[in-house]
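Numbering (our numbering), first residue to last: 280 to 493.
Worksheet: one structure, shown below.
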């Protein structure tokens, strides 16, 4: 897929969609194969997409994601905040969610909570936004609020959310902190099953080996 996308971008340097596809594939490598992660090339491709197509909102959002991965939090915030104010952006939950993620990683937890609440207000079934909101509440020490947000991430009618191992992993940790060990173990088991082979699934399986049996 990467070879074809790169070939398309080479054949037509003004093809913004091809540059965005290249960037997106590179991000996929970072998620599932860290040794293949090349964030510098992903950023270059995303910036080309933004440059080649005026008001390419999806490319701006993708660039923001890449910048967060690169720990360039202020740069990411600079790209994403204007996107949250863009009335023509069809999926504002993505912009608010990624802005909240950047703020959370930067350490601005209260501002992160505000942005992430706006994200899930725009799309209540946004499992990624609810997951990050749960992490923000956990960082604030508000464990029940964290549990509730993480539950919203996985207890939906959207199949991609109910099988979201990251949220299950995080909820298991929060439940363990709350002393609800049986529920925590159930989440670890579900996470290791639905996320088999993924980083979260592997961590859940490893945690199961360490957790006491109920």
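Ideal Cβ placement from N, Cα and C applies to all residues, glycine included.
None of the values given here were measured: they were computed from a predicted structure.
Annotation: residue 457 to residue 388 spans about 21 Å, alpha carbon to alpha carbon. In the structure shown, residue 351 falls within a coil segment according to DSSP collapsed to helix, strand and coil.
Counting C-beta pairs closer than 8 Å gives fewer than three between the stretch 360-367 and the stretch 316-332, which falls short of the contact rule. Annotated as distal: residue 420 and residue 395, with beta-carbon spacing of 8 Å or more. Here residue 339 is buried, its C-beta having at least 16 other C-beta atoms within 10 Å. Shortest Cα-Cα distance from residue 397 to any of 384, 380, 292 involves 380. Distance check between residue 361 and each of 284, 342, 467 places 342 closest, using alpha-carbon atoms only. Residue environment analysis places residue 423 among the exposed positions, since fewer than 16 neighbouring C-beta atoms fall within 10 angstroms of its C-beta.
Counting every other CB atom within 10 Å of its CB across the protein chains shown gives residue 371 a total of 16 or more, marking it as buried.
In this chain, the alpha helix (DSSP H) harbouring residue 319 covers 318-331. The three-state secondary structure of residue 416, taken from DSSP, is helix. Contact annotation: residue 288 and residue 282 have beta-carbon atoms that are not nearer than 8 Å. Annotated three-state conformation of residue 387 is coil, per DSSP.
Between residue 344 and residue 384, the C-beta spacing is not below 8 Å. For residue 308, the three-state secondary structure derived from DSSP is helix.
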